[in-house]
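Reviewing the structure listed below.
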């Protein structure tokens, strides 16, 4: 610690550079882990297969008549339709989900996380449930009427039946759930068409799950104008998306880290010259070359631990307290178009250790050569040289 | 004195990091363990909610995204990488035989 304090300039320069590198890496990594985890969690409950319509290579409506055909395939437990899209309330872009309440595809006995009001009634049209954050943005309460502008430039009015508070901040921030009939009218969907079909397969032994999925998917994909998406494909695409996005930052971060390593190398060389008397004294007292190198490496490791700790702390505060300004826009999209929500952050032990590792190890590599050059000097020459 | 202060501050921050990590781990574990009817009802990965609208995408990143359009679960520009990995062979025999001759 005394050595770290003695060479103040070196300490400050290396510490500052490492803190910037560690905080940038950790904040992006925590956010990426949170987004991936959020996706995994939702996919756990997603339908086993999602069937979309395809026309001229582009995604389009799907015929609901396929539901009966798919239902007849061996191993299929349930098929539901879904209509979803986007609508504007004022300047806020919201996701509108139309659910077939008579056949929702899940166990209806489960309690929905409704904070106030009630859940949708299958017999009632013109009502919606909205997320808690949406309610705050719109200043809407249960019983209020909200007007949503459709693509046909018509303002549709819906009564707020309930406000849900899901543990997913993203759901709460921009989702309106309504009866599928209302969604059909809102999006001007033709009768007999849906956005996609959800296919749930029978409960089978996990070992046979993949083969069942593949066999059902194969049969569905033989139908014309359909695209079949499995959970694994959806998960892969999410991981690729966020992996690639954080990958852009990894490049920036790697450049910063190389710069930090060069700075550390440079500073260690300078300190090496300044500490010649100290090294000479240590060697005259019986310290070997490897002992001196060890001392220098311990110094660097201590510096790396301090910088890593400060960097991770800044990363956590930046993500959680400040809600990751700038970086969250990059990871999520245009933040201005939908209500603000807290970005999912996952501070995993793995990422914390990884941040420490990539903060300390390059610093050790950058230190070892200057330390060796410094330690191999003859003690007599070193002490005389340092005094002259 | 200074040395002690640096050590105490570093230890304090390390404890803060450890507690944050433990809380985050337990929070996600409990989220995974508890059933979520809203997620089940919607059936869409929540992260795509609000992201798939072309208006909501970041054009700097999504500039290549024009071909596949909305796909539940991911950005279409990256989805092109995922689709070929769908591991189910096409059924049926596509060879046309001319048996009438």
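Residue numbers (my numbering), protein chains in the order written: chain A, 297 to 684; chain B, -4 to 96. Idealized CB from N, CA, C, for every residue including glycine. Remember, predicted model here, so these are calculated numbers, not experimental data.
{"Query": "Closest by CA to residue 573 (chain A), which one among A:431, A:676 and A:321?", "Result": "A:676"}
{"Query": "What runs of the beta strand (DSSP E), each 3 residues or longer, lie entirely inside the segment 579 to 606 of chain A?", "Result": "none"}
{"Query": "Taking only beta-carbon positions, decide if residue 15 (chain B) is within less than 8 Å of chain A.", "Result": "yes"}
{"Query": "Please check the pair residue 522 (chain A) and residue 508 (chain A), which I expect to be a contact at CB under 8 Å, by giving their CB distance rounded to whole angstroms.", "Result": "About 18 Å; that fails the 8 Å criterion."}
{"Query": "Have a look at A:352, A:487 and A:377 and flag the residue whose alpha-carbon is nearest the alpha-carbon of residue 345 (chain A).", "Result": "A:377"}
{"Query": "In whole angstroms, give me the CA-to-CA distance for residue 638 (chain A) and residue 27 (chain B).", "Result": "19 Å"}
{"Query": "Please name the residues in the segment 342 to 365 of chain A whose beta-carbon is closer than 9 Å to at least one beta-carbon of chain B, in chain order.", "Result": "342, 343, 346, 348, 353, 354, 355 and 356"}
{"Query": "Is any beta-carbon of chain B found at less than 8 Å from that of residue 460 (chain A)?", "Result": "yes"}
{"Query": "Please list the partners that residue 621 (chain A) has in chain B, where partner means a Cβ-to-Cβ separation under 8 Å.", "Result": "Correct list: empty, because the minimum Cβ distance to chain B is about 15 Å."}
{"Query": "Skipping 5 residues on each side, what residues in its chain have a beta carbon closer than 6 Å to that of residue 461 (chain A)?", "Result": "409, 411 and 428"}
{"Query": "Going along chain B in order, which residues have a C-beta closer than 8 Å to the C-beta of residue 463 (chain A)?", "Result": "26, 29 and 31"}
{"Query": "If you follow the alpha helix (DSSP H) that residue 367 (chain A) is in, where does it begin and where does it stop?", "Result": "362 to 367"}
{"Query": "Span of the beta strand (DSSP E) holding residue 492 (chain A)?", "Result": "492 to 497"}
{"Query": "Could you have a look at residue 482 (chain A) and say whether DSSP puts it in helix, strand or coil?", "Result": "helix"}
{"Query": "For the segment 575 to 589 of chain A and the segment 547 to 561 of chain A, state whether three or more C-beta atom pairs, one from each stretch, are separated by less than 8 Å.", "Result": "no"}
{"Query": "Just to confirm the assignment, what range does the beta strand (DSSP E) spanning residue 423 (chain A) have?", "Result": "423 to 427"}
{"Query": "Is the shortest distance between the beta-carbon of residue 307 (chain A) and the beta-carbons of chain B less than 8 Å?", "Result": "no"}
{"Query": "Buried or exposed: where does residue 32 (chain B) fall if 16 or more other Cβ atoms within 10 Å of its Cβ makes it buried?", "Result": "buried"}
{"Query": "Could you tell me the distance, in whole angstroms, from the CA atom of residue 430 (chain A) to the CA atom of residue 315 (chain A)?", "Result": "37 Å"}
{"Query": "What residues in the segment 603 to 615 of chain A have a beta carbon less than 7 Å from any beta carbon of chain B?", "Result": "605, 606, 608, 609 and 612"}
{"Query": "Locate the beta strand (DSSP E) running through residue 460 (chain A), then write down its first and last residues.", "Result": "451 to 460"}
{"Query": "Output, in sequence order along the chain, the residues in the segment 641 to 672 of chain A whose CB is closer than 8 Å to any CB in chain B.", "Result": "641, 642, 643, 644, 645 and 648"}
{"Query": "Where does residue 333 (chain A) sit, in a helix, a strand or coil, going by DSSP?", "Result": "helix"}
{"Query": "Assuming residue 760 (chain A) and residue 307 (chain A) form a contact by the criterion Cβ under 8 Å, report the distance between their Cβ atoms to the nearest whole angstrom.", "Result": "Residue 760 (chain A) lies beyond the residue range present for chain A, which begins at 297 and ends at 684; the question has no answer from this structure."}
{"Query": "Starting from the Cα of residue 619 (chain A), find the closest Cα among A:586, A:465, A:504 and A:657 and give me that residue.", "Result": "A:465"}
{"Query": "Helix, strand or coil, according to DSSP, for residue 657 (chain A) in the structure here?", "Result": "helix"}
{"Query": "Can you tell me whether DSSP reads residue 382 (chain A) as helix, strand or coil?", "Result": "strand"}
{"Query": "Can you tell me where the beta strand (DSSP E) holding residue 20 (chain B) begins and where it ends?", "Result": "Unbroken run through residue 20 (chain B) is the alpha helix (DSSP H), -3 to 28; no beta strand (DSSP E)."}
{"Query": "Measuring straight from C-alpha to C-alpha, what distance separates residue 369 (chain A) and residue 358 (chain A)?", "Result": "18 Å"}
{"Query": "From the beta carbon of residue 11 (chain B), is the nearest beta carbon of chain A less than 8 Å away?", "Result": "yes"}
{"Query": "For residue 558 (chain A), count neighbouring C-beta atoms within 10 Å of its own C-beta (all shown protein chains included) and say buried if the count is 16 or more, exposed if not.", "Result": "exposed"}
{"Query": "Taking the beta strand (DSSP E) that residue 295 (chain A) belongs to, which residues open and close that run?", "Result": "Within the shown structure, residues of chain A are numbered from 297 to 684, placing residue 295 (chain A) beyond reach of any answer."}
{"Query": "Note down, in chain order, each residue of its chain lying with its Cβ closer than 7 Å to the Cβ of residue 663 (chain A), except the 5 sequence neighbours on either side.", "Result": "560, 564, 592, 593 and 596"}
{"Query": "Residue 322 (chain A) and residue 607 (chain A) look like a contact to me (Cβ under 8 Å); what is the Cβ gap, rounded to whole Å?", "Result": "6 Å"}
{"Query": "Do residue 329 (chain A) and residue 614 (chain A) have their CB atoms nearer than 8 Å?", "Result": "no"}
{"Query": "With DSSP collapsed to three states, give me the class of residue 74 (chain B).", "Result": "Note that residue 74 (chain B) scores a pLDDT of 38, beneath 50, so its modelled location is shaky; the value from the coordinates is reported in the next line. DSSP places residue 74 (chain B) in helix when its eight states are reduced to three."}
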